[in-house]
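One structure is given here, and the rest of the page talks about it.
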Amino acid sequence: MRGRSFLSIVVDVVLKRGSVFSDMSAPFEPSAPRARTLRPYSVFHEDSQHTEVSEELFNRLITNQRQEELLDQLYKIYLDVQDSTVNFEFNTLRRLTTDELFNNLRTQLEVLQYKGGINIKSDFSCIDLFISDIREMKDLLAVDVTLAISYYDYIIDSETGNFIRGNKHTKIGCYYKLTFVGSPYATKENACPNCGSDLGDRNSSECGFCKSVVVNKLHTWVLAKSKITSLLPKNLQRLLQSITVNAVDDDRFNSFVSGYSKKDFAKMLFNTFVDFQESWDEADLEKLKSLASNSLFDIYEKQNNFLNVSGKKKVKRRLRLMSAEITNIDEKSVVIEALFGACSCTIQVRDNSVETQNRSLYNYRLAFIKDGDIWKLDQINLLNRIKK
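Counting the sequence shown from 1 gives a position; the numbering used here is that position plus 10.
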């Protein structure tokens, strides 16, 4: 290093690593001005859990469910486990978890119960949820799920209700790595093989009649591991706050819309955007036209003709809404700002095969115009992308 200037060293590093902006170019978005990009999640770097499982692997190992259906089922198991720990419902907890995890949780809960505490976990907000891996384990499948979530987490005294520790005014935001195991196609053996007595709906049991210990085959999914891998970055919290601050007030909303709450109306409009993305993915121009204004449809129709020649296009799949707020509204137009997770895929138009895919969080401004009784998508603006 002797004899080299600091500037020459910096230039050398940049040339070896490439520009820090080289991977931040956004995919084509009609009517989208170039926007600043938030700093990527630090936890994404060299962390395979934030890579979504391929469609080919999922469809090969799980043939009786779509990904969204399975994710909804697994997320409900996670929430039921949290409720069971809050209420000390050991029988429910045993049904939802493997023996190893159940024994660990029971030990922790018994200590907390002995000390007179209750661990309150409430107001769960799912930020993103996707399957990161699926593995075969003898006659079982193991499914790894990455969950980004925020919730209140604190401990109170079970008798007085007084606060003991934690923070009951601020949500914690974190990434979980959850592992579920099960055999969705297996039929559960409900009878003791020793005496024939009914074992009940549990994954492993001690026979109530002959006291034999019986291990049943898993007939559904149960939670095997639950680990917090990292906290959510602060810039995401700031982004959520800014979206909420920009929302229109109730009086202005109610003067133009009746029969909906602000949240439900924003979700309804976002679902139109989801349908629009699916139609674009499937190249269903007729449905696309029914969802979009004439000006937006013309842009996408021209883009579709170009893609048929080039052979590749970018699509968004498995969109999961985190937050949506109405930021402007009048009689004929509505603007919402939405934050959602999605898998961005590069596909071959000819055979619809996936070349690349990655999971990101997107912040969009979506404008809608009223056409008769129907709200149609009119403008799509990418504001921020928090990506791998």
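Where a beta carbon is used, it is the ideal one built from N, C-alpha and C, also for glycine.
None of the values given here were measured: they were computed from a predicted structure.
Exercise. By how many angstroms is the C-alpha of E335 removed from the C-alpha of F378?
Worked result: Along the sequence shown, one-based indexing puts residue 378 at 368. Along the sequence shown, one-based indexing puts residue 335 at 325. Those two C-alpha atoms are separated by around 13 Å.
Exercise. In chain order, what residues of the same chain lie with their CB nearer than 7 Å to the CB of Q83, ignoring the 5 residues before and after it?
Worked result: Within the sequence shown, residue 83 is the residue found at index 73, counting from 1. Excluding sequence neighbours, Q83 sits near W231.
Problem set entry | Straight-line Cα distance separating L371 from R395 | Position 385 of the sequence shown, counted from the start, is the residue given in the question as residue 395. Position 361 of the sequence shown, counted from the start, is the residue given in the question as residue 371. A straight line joining the alpha-carbon of R395 with that of L371 spans about 6 Å.
Problem set entry | Cutoff 7 Å; reference Q92; Cβ partners in own chain excluding five residues on either side | In the sequence shown, residue 92 corresponds to position 82, counting from 1. Apart from the 5 residues on each side of it in sequence, Q92 sits with its Cβ closer than 7 Å to the Cβ of K131 in its chain, given in chain order.
For this session: Compare the beta carbon distance of F173 and Y161 with 8 Å and say whether it is the shorter of the two.
Result: Locating residue 173 in the sequence shown gives position 163, counting from the first residue. Locating residue 161 in the sequence shown gives position 151, counting from the first residue. No, these two residues do not count as a Cβ contact at 8 Å.
Exercise. According to DSSP, is K148 helix, strand or coil?
Worked result: Along the sequence shown, one-based indexing puts residue 148 at 138. The DSSP-derived three-state label of K148 is coil.
Exercise. So what does DSSP say about F350, is it helix, strand or coil?
Worked result: Sequence index remark: in the sequence shown, residue 350 carries index 340 (1-based). Correct three-state label for F350: strand.
For this session: Determine which residues share a DSSP beta bridge with D143 and list them.
Result: Taking the first residue of the sequence shown as position 1, residue 143 is located at position 133. Paired residue(s): D154.
Exercise. To which residues of the same chain is K326 closer than 6 Å at the C-beta, ignoring the five residues directly before and after it?
Worked result: Counted from its first residue, the sequence shown places residue 326 at position 316. Around K326: Q287, A352 and S354.
Exercise. Are T189 and K235 close, meaning C-beta to C-beta below 8 Å?
Worked result: On the sequence shown, residue 189 is found 179 positions in, with the first residue counted as 1. On the sequence shown, residue 235 is found 225 positions in, with the first residue counted as 1. In this structure, K235 lies closer than 8 Å to T189 by Cβ.
Exercise. What did DSSP end up calling I6 once you bin it into helix, strand or coil?
Worked result: The structure shown has nothing for residue 6, since the chain only spans 11 to 398.
Problem set entry | Whole runs of the alpha helix (DSSP H) within the region 281-315, excluding any shorter than 4 residues | 295-301
Exercise. Quick one: what's R395 bridged to in DSSP?
Worked result: Against the sequence shown, residue 395 aligns to sequence position 385. Paired residue(s): Y372.
Exercise. Would the beta-carbon of L301 fall within 8 Å of that of K386?
Worked result: For this step, residue 301 is matched to residue 291 along the sequence shown. For this step, residue 386 is matched to residue 376 along the sequence shown. Yes; because the gap between Cβ atoms is below 8 Å, this pair is in contact.
Exercise. Among the residues of its own chain, which have a CB less than 7 Å from the CB of G192, if the five just before and after it don't count?
Worked result: For the purposes of this step, residue 192 is taken as residue 182 along the sequence shown, with counting starting at 1. Excluding sequence neighbours, G192 sits near L150, L151, L228, T230, W231 and V232.
Problem set entry | Nearest-angstrom beta carbon gap, G183 and L242 [assumed within contact, 8 Å] | For the purposes of this step, residue 242 is taken as the residue at position 232 of the sequence shown. For the purposes of this step, residue 183 is taken as the residue at position 173 of the sequence shown. Their Cβ separation, rounded to whole angstroms, is 3 Å, which keeps L242 and G183 in contact under 8 Å.
For this session: Compute the Euclidean distance between the alpha carbons of A293 and T356, then round it to the nearest angstrom.
Result: Working through the sequence shown from its first residue, we reach residue 293 at position 283. Working through the sequence shown from its first residue, we reach residue 356 at position 346. For A293 and T356, the distance between alpha carbons rounds to 14 Å.
Exercise. Where does D93 fall in DSSP's three states?
Worked result: On the sequence shown, residue 93 is found 83 positions in, with the first residue counted as 1. Helix.
Exercise. What is the DSSP secondary structure of L242, reduced to helix, strand or coil?
Worked result: As a first step, residue 242 must be located in the sequence shown, where it is residue number 232. L242 falls in the coil class under three-state DSSP.
For this session: Alpha carbon to alpha carbon, how far is A158 from E365? Give it in angstroms, no decimals.
Result: Within the sequence shown, the letter at position 355 stands for residue 365. Within the sequence shown, the letter at position 148 stands for residue 158. If I take the Cα positions, the gap works out to 26 Å.
Exercise. Is L387 close to chain D, meaning its C-beta is less than 8 Å from at least one C-beta of that chain?
Worked result: No chain D appears in this structure, which consists of one protein chain only.
For this session: Spell out the partners DSSP gives R105 in its beta bridges.
Result: Within the sequence shown, residue 105 is the residue found at index 95, counting from 1. The partner list for R105 (beta bridge, DSSP) is empty, contrary to what the question assumes.
Problem set entry | Other residues of its chain near S363: CB distance less than 6 Å, five sequence neighbours each side excluded | What you label residue 363 is simply residue 353 of the sequence shown in a count that begins at 1. Correct list: empty, nothing qualifies.
Problem set entry | N- and C-terminal bounds of the alpha helix (DSSP H) containing F263 | Translated into positions along the sequence shown, residue 263 becomes position 253. That run of the alpha helix (DSSP H) goes D260 to N264.
Exercise. What are the start and end residues of the beta strand (DSSP E) that includes T230?
Worked result: In the sequence shown, residue 230 corresponds to position 220, counting from 1. That residue, T230, is in no beta strand (DSSP E); it is neither H nor E in DSSP.
Exercise. Where does the unbroken beta strand (DSSP E) through K401 begin, and where does it stop?
Worked result: It is not possible to answer for residue 401, since the shown part of the chain is limited to 11 through 398.
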